[in-house]
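Below is one structure, written out as structure tokens; comments come after it.
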Amino acid sequence: MTASLTPDAPATTPPDERTASGSSRRRARTRPDWRRVAFGADQPRWVRPSAAALLIATAFTYLWNLTNSGWANEFYAAAVQAGSKDWTAWFFGSIDAGNAITVDKPPAAFWLPGLLGRIFGFTSFTMLLPEALMGVAAVALLYAAVKRVSGPAAGLIAGAALAATPVAALMFRFNNPDAMLTFCLVAAAYMTVRAIEKAGGKWLVGAGALIGLAFLTKMLQGVIIVPALGLAYLWAAPTTLRRRLVHLLGALGGIIAVAGAYVLAFTLTPASARPYMAGSQTNSFLELTFGYNGLARIFGNRAGAGQGGFAGGAPGGGPGGGNAGFGGTAGILRMFGTSFGTEISWLLPAALILLVAGLWFTRRAVRTDRVRASLIVWGGWTLLTAAVFSFMTGTVHPYYAIALAPGIAGVVGIGSAELWRGRAYWPSRIILAVTVLATSIWTAVLLGRDASWLPWLRVVIVVLGVLAAVGLLVRFDRLRAGAIAVAVAALLAGGLGTAAFTVATAAVGHSGAIPTSGPSSGEGFGAARAGFGQARDRMGTDGTAADAGGQAAAGVGSPGGPGGASASSEVVALLQQTTTKWSAATNGSNSAAALELASTTNVIAMGGFTGSDPYPSLDEFKALVANGEVTYYIAGGGMGGGFGGRGGTDTSAIAQWVEANFQAETVGSTTVYRLVG
């Protein structure tokens with residue numbers, strides 16, 4: 002640079018202006034700004050092709066064989082299917098088009114797939130296409146944000162780091178809400194970076210609106226990075242303190258306008274005109290926000306989780322239960338452990354080293370220094386998100402880590418590019434060497450957790466890391482050819498392992514509620530639902546199982562391909578012959594979702610995802626039956642009895658009432674009760 006991450010040589014001039022001639026700068030001022038944002042109108046010739054190659058490679062990785070996961074998470078797939086058939090279900094995120102009950106999340110993540118399904122037909126492709134495209138857009142926005150501050154090389158490194166993060170490839174090809182959450186957060190950070198440049202209040206309000214949309218995607222997780230964005234603007238925006246505070250209030254207004262408008266619409270809609278809010282005990286959006294999906298997940302408060310379910314910790318005891326799918330043991334090393342390590346931590350050591358170095362080297366820069374401001378944005382993102390995920394004692398799953406990936410990538414892009422420019426200074430050179438070597442060694446450790454997968458790759462990466470570090474220390478980079486060789490070795494040492502793991506992740510299908518990345522097919526928790534919790538589904542007053550016993554949960558059989566469990570063909574055929582509003586009712590959303598997807602009919606998911614939601618009550622269910630709105634009651638059901646609490650009592654009471662008043666019949670291996678006719 003003269004590098005802003007080199008001692009005694011701070012620079013605040015944007016790289017576009019530092020590298021351009023005087024005539025180029027004059028031309029840049031007269032050209033539309035979007036051309037510079039896109040691929041750099043005033044940059045060297047290699048910039049546009051490189052940026053295009055990054056986006057093409059990302060699109061290929063995320064779109065190639067996109068449907069290999071089938072319905073992916075059937076719980077959310079059923080919500081998209083419902084939204085493609087009914088506008089009320091689309092707006093509220095109902096799991097069925099009859100609008101009995103929602104999923105246990107806000108609906109924003111299902112709006113685009115639902116619209117696409119309504120226009121072109123609901124398929125695995127129309128459901129997953131928006132997720133993949135949001136991944137490509139997130140990479141593009143991260144590239145643009147970092148490039149504006151530290152130049153195109155930094156932008157390319159940041160964009161590639163995000164695209165090559167295994168959990169990103171997993172979730173941008175999956176239908177959990179995390180893909181849209183990540184896109185919204187990256188877009189908000191990009192707007193914040195733009196706002197910092199010229200104290201742009203409108204950009205900051207736009208960032209607030211996107212945070213509001215992130216809230217409507219995954220509630221409080223969408224606001225974790227807000228302190229980092231706010232601090233960066235408050236510190237570095239080139240205007241008075243009073244105006245900075247006013248602009249931040251405008252951003253808060255953007256959050257409230259978007260998120261509050263939906264909360265108000267939900268609250269003012271009569272309960273009879275919308276589905277029940279799953280995950281809450283009082284049919285309340287705000288209770289879900291601060292209970293089951295809020296404080297309960299952070300502090301493991303089971304009471305706040307709706308008296309049951311997973312928000313109070315994984316089944317099997319203790320926070321996390323020691324179960325890898327539930328994050329393992331909480332603590333400062335959780336992001337490096339067996340649950341999260343191969344999902345997200347490949348470049349985390351590098352990001353932490355580069356963040357500390359960057360903040361130290363820019364400590365004397367002017368207040369408005371954009372490099373330091375961006376380090377606050379991406380570094381604050383990284384530290385806040387990692388801290389929350391590491392220490393929360395409620396439910397946390399490894400795939401949540403996708404929300405950490407952009408922060409890591411942004412810091413790595415800025416830090417590595419700026420230190421490379423200042424490598425003539427020995428502190429920068431040493432830090433670069435240490436970063437490359439540490440990253441290569443940690444990559445080898447992560448690859449070693451699956452010792453049978455490409456064992457030679459670990460050796461190659463460590464060798465490359467050693468060569469790059471030595472090359473930096475002995476100044477082999479002083480010659481042009483040597484600099485190219487060292488740069489290539491460093492990039493391969495840092496990125497080859499995570500890229501290989503990412504490609505392996507994209508090459509296989511994943512299903513279930515808790516997918517994991519890696520070279521093997523990831524059928525997460527919930528993929529094979531048959532029999533889960535059957536012994537607890539319906540207990541008689543004497544403590545013995547009142548169920549007809551032993552059948553697959555709600556007609557759901559063994560796993561059927563990459564999409565997870567397959568519904569019994571006999572039960573599916575039975576449901577397809579019904580003409581009532583709901584073809585059936587069964588315990589738990591997982592079982593109901595599998596039946597809905599297979600039969601394209603509406604099924605009431607009694608008790609919601611965990612079976613602990615108090616919907617429907619016995620009286621409500623009796624009313625539905627009396628009105629002839631439900632044809633069958635299907636015994637069993639995945640997670641239908643809940644894990645204690647009021648919801649399990651309701652489903653048990655309904656089961657006992659059905660058994661006492663209707664005749665059981667066996668369809669395939671499933672017990673069903675006909676409620677009408």
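Numbering (the numbering used here), first residue to last: 2 to 678. Yeah, the Cβ is synthetic: ideal placement off N, Cα and C, and Gly gets one too.
| field | Beta carbon of Thr632 nearer than 7 Å to that of Thr579 | value | Indexing the sequence shown from 1 puts residue 632 at position 631. Indexing the sequence shown from 1 puts residue 579 at position 578. A contact, by the Cβ cut-off of 7 Å.
| field | Expected contact under 8 Å - CB spacing of Ser441 and Leu355 to nearest Å | value | For the purposes of this step, residue 441 is taken as the residue at position 440 of the sequence shown. For the purposes of this step, residue 355 is taken as the residue at position 354 of the sequence shown. Rounded to whole angstroms, the Cβ separation of Ser441 and Leu355 is 15 Å, and the two are not in contact under 8 Å.
| query | With C-beta atoms as the reference, is Gly301 less than 7 Å away from Tyr293? | reply | As a working note, residue 301 is residue 300 in the sequence shown. As a working note, residue 293 is residue 292 in the sequence shown. In this structure, Tyr293 does not lie closer than 7 Å to Gly301 by Cβ.
| query | Cα separation between Glu419 and Gly160? | reply | In the sequence shown, residue 419 corresponds to position 418, counting from 1. In the sequence shown, residue 160 corresponds to position 159, counting from 1. Straight-line Cα distance between these residues: approximately 16 Å.
| query | Is Asn662 helix, strand or coil when you go by DSSP? | reply | Locating residue 662 in the sequence shown gives position 661, where the first residue counts as 1. Helix.
| Going by the beta-carbon positions, is the gap between Gly513 and Ala165 smaller than 7 Å? | Along the sequence shown, one-based indexing puts residue 513 at 512. Along the sequence shown, one-based indexing puts residue 165 at 164. No, the Cβ-Cβ distance between Gly513 and Ala165 is not below 7 Å.
| query | Does the ligand ZN have even one heavy atom less than 6 Å from the beta-carbon of Ala452? | reply | As for the ligand ZN, it is missing from this structure, which has no ligand bound.
| task | Confirm, please, whether the CB-CB distance from Ala238 to Ala200 is below 7 Å. | result | Walking along the sequence shown from the start, residue 200 turns up at place 199. Walking along the sequence shown from the start, residue 238 turns up at place 237. Remark: C-beta atoms of Ala200 and Ala238 approach each other more closely than 7 Å.
| message | Just to check my reading of the structure: Leu55 and Tyr191 have Cβ atoms closer than 8 Å, yes? What is that Cβ distance to the nearest angstrom? | response | Along the sequence shown, read from residue 1 onward, the residue named residue 55 stands at position 54. Along the sequence shown, read from residue 1 onward, the residue named residue 191 stands at position 190. Taking 8 Å as the upper bound for CB-CB distance, Leu55 and Tyr191 are not in contact here, some 16 Å apart.
| said: Do Met607 and Asn588 count as a contact pair if the criterion is CB distance below 7 Å? | reply: Your numbering for residue 588 matches position 587 in the sequence shown. Your numbering for residue 607 matches position 606 in the sequence shown. It is a contact, given that the beta carbons lie within the stated cut-off.
| field | Rounded straight-line distance, which links the Cα of Ala331 to that of Val389 | value | Residue mapping note: residue 389 aligns to position 388 of the sequence shown, counting from 1. Residue mapping note: residue 331 aligns to position 330 of the sequence shown, counting from 1. Rounded to the nearest whole angstrom, the C-alpha separation of Val389 and Ala331 is 10 Å.
| query | Is DSSP giving His398 helix, strand or coil here? | reply | Here the question's residue 398 lines up with position 397 in the sequence shown. Reduced to three states, the DSSP call for His398 is coil.
| message | Tell me the DSSP secondary structure of Ile515 in three-state form. | response | Numbered from 1 along the sequence shown, position 514 holds the residue referred to as residue 515. Shown here, Ile515 sits in coil according to DSSP, grouped into three states, outside any helix or strand.
| field | Inter-residue Cα distance where the pair is Gly411 and Trp427 | value | Numbered from its first residue, the sequence shown carries residue 411 at position 410. Numbered from its first residue, the sequence shown carries residue 427 at position 426. Going from the Cα of Gly411 to the Cα of Trp427 covers about 24 Å.
| Assigned secondary structure, Tyr293 (DSSP; H/G/I helix, E/B strand, else coil) | The residue labelled residue 293 in the question sits at position 292 within the sequence shown. Here Tyr293 sits in helix by DSSP.
| query | First and last residue of the alpha helix (DSSP H) that includes Ala352? | reply | By 1-based counting over the sequence shown, the position of residue 352 is 351. Per DSSP, Ala352 belongs to the alpha helix (DSSP H) from 349-362.
| query | For Arg675, does the three-state DSSP call read helix, strand or coil? | reply | Along the sequence shown, read from residue 1 onward, the residue named residue 675 stands at position 674. The answer is strand: DSSP assigns Arg675 an E or B state.
| Reference Gly678; option with closest CA among Thr581, Ala595, Arg245 | Indexing the sequence shown from 1 puts residue 678 at position 677. Comparing C-alpha distances from Gly678 to each of Thr581, Ala595, Arg245 shows the shortest one belongs to Thr581.
| query | How is Val668 classed by DSSP in three states: helix, strand or coil? | reply | The count along the sequence shown starts at 1 and reaches residue 668 at position 667. Of the three classes helix, strand and coil, the one that applies to Val668 here is strand, per DSSP.
| field | Where the alpha helix (DSSP H) containing Ser584 begins and where it ends | value | As a working note, residue 584 is residue 583 in the sequence shown. Going by DSSP, Ser584 is part of no alpha helix (DSSP H) but of the beta strand (DSSP E) stretching over 583-588.
| field | For Tyr1, three-class secondary structure by DSSP | value | For the chain, the structure presents residues 2 to 678; residue 1 sits outside this window and is missing.
| query | Taking the alpha-carbon positions, what's the Ala500 to Leu289 distance? | reply | The count along the sequence shown starts at 1 and reaches residue 500 at position 499. The count along the sequence shown starts at 1 and reaches residue 289 at position 288. So the two alpha carbons sit approximately 37 Å from each other.
| request: Just the C-alpha distance for Val150 and Tyr616, rounded to the nearest angstrom, thanks. | output: Stepping through the sequence shown from its first residue, residue 150 is reached at position 149. Stepping through the sequence shown from its first residue, residue 616 is reached at position 615. C-alpha separation (whole angstroms): 52 Å.
| message | If contacts are defined as beta-carbon pairs under 8 Å, then Leu265 and Ile226 qualify, I think. What distance do you get, rounded to the angstrom? | response | If you number the sequence shown from 1, residue 265 lands on position 264. If you number the sequence shown from 1, residue 226 lands on position 225. Not quite, the Cβ-Cβ distance comes to about 25 Å (not below 8 Å), so this is no contact.
| query | Under the three-state reduction of DSSP, which class applies to Val224: helix, strand or coil? | reply | Numbered from 1 along the sequence shown, position 223 holds the residue referred to as residue 224. Three-state result, Val224: helix.
| query | In terms of alpha-carbon separation, which member of Ala109, Leu619, Ala78 lies closest to Phe126? | reply | Locating residue 126 in the sequence shown gives position 125, counting from the first residue. Per the Cα distances, Ala78.
| query | Using the C-alpha atoms, what's the distance from Leu465 back to Pro520? | reply | For the purposes of this step, residue 520 is taken as residue 519 along the sequence shown, with counting starting at 1. For the purposes of this step, residue 465 is taken as residue 464 along the sequence shown, with counting starting at 1. Taking the straight line joining both Cα atoms gives about 23 Å.
| With DSSP run on the structure shown, which of helix, strand or coil describes Ala52? | Taking the first residue of the sequence shown as position 1, residue 52 is located at position 51. Ala52: helix per DSSP, three-state reduction.
| query | Tyr633 lies in the alpha helix (DSSP H); which residues open and close that run? | reply | Here residue 633 refers to the residue found at position 632 when the sequence shown is read from its first residue. Element bounds for Tyr633: not the alpha helix (DSSP H) but the beta strand (DSSP E), 631-635.
| message | Check for me: the beta strand (DSSP E) holding Ala606 runs from which residue to which? | response | Sequence index remark: in the sequence shown, residue 606 carries index 605 (1-based). In the DSSP assignment, Ala606 falls within the beta strand (DSSP E) that extends over 604-607.
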